[in-house]
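*Asks:*
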Amino acid sequence: MGELSDRKKDELPNSDFAFPNERKEPLTDASHVRNASARFNQVKGVSEGERRQAKQRIEKAAKKHGVELSKQPD
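Going by the numbering used here, the first residue of the sequence shown is number 335, and it counts up by one from there.
#1: How big is the Cα-Cα spacing for Met335 and Lys398?
#2: Spell out a yes or no on whether the stretch 376-388 and the stretch 349-359 are touching, meaning 3 or more CB-CB pairs, one atom from each, closer than 8 Å.
#3: Does the beta-carbon of Ala372 have 16 or more other beta-carbons within 10 angstroms, so that it is buried, or is it exposed?
#4: With a threshold of 8 Å on Cβ separation, who are the neighbours of Gly379 within its own chain once the five nearest residues in sequence on each side are excluded?
Structure representation (structure tokens):
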């Protein structure tokens, strides 16, 4: 999918994001999954529960898109 325009990002369902309530870190393709994993600790204003769920979403998306995460999001 590559880069997401603001319009395309706005059209995505919440379930396509690592942090769906904040609509942060889309998980639409391998590139975005790697980016979400790398930026995981930079996301502010989320609870520990949201972090745990986001970690699970990233790991699930990594499997779906064939991404081997060298470091698990933490």
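For every residue, glycine included, the Cβ atom is placed at its ideal position computed from N, Cα and C.
*Replies:* Taking the definition as stated:
#1: Only weak support is given to the placement of Met335: the predicted model assigns it a pLDDT of 49, under 50, and the question is left unresolved by the model.
#2: yes
#3: exposed
#4: Glu356
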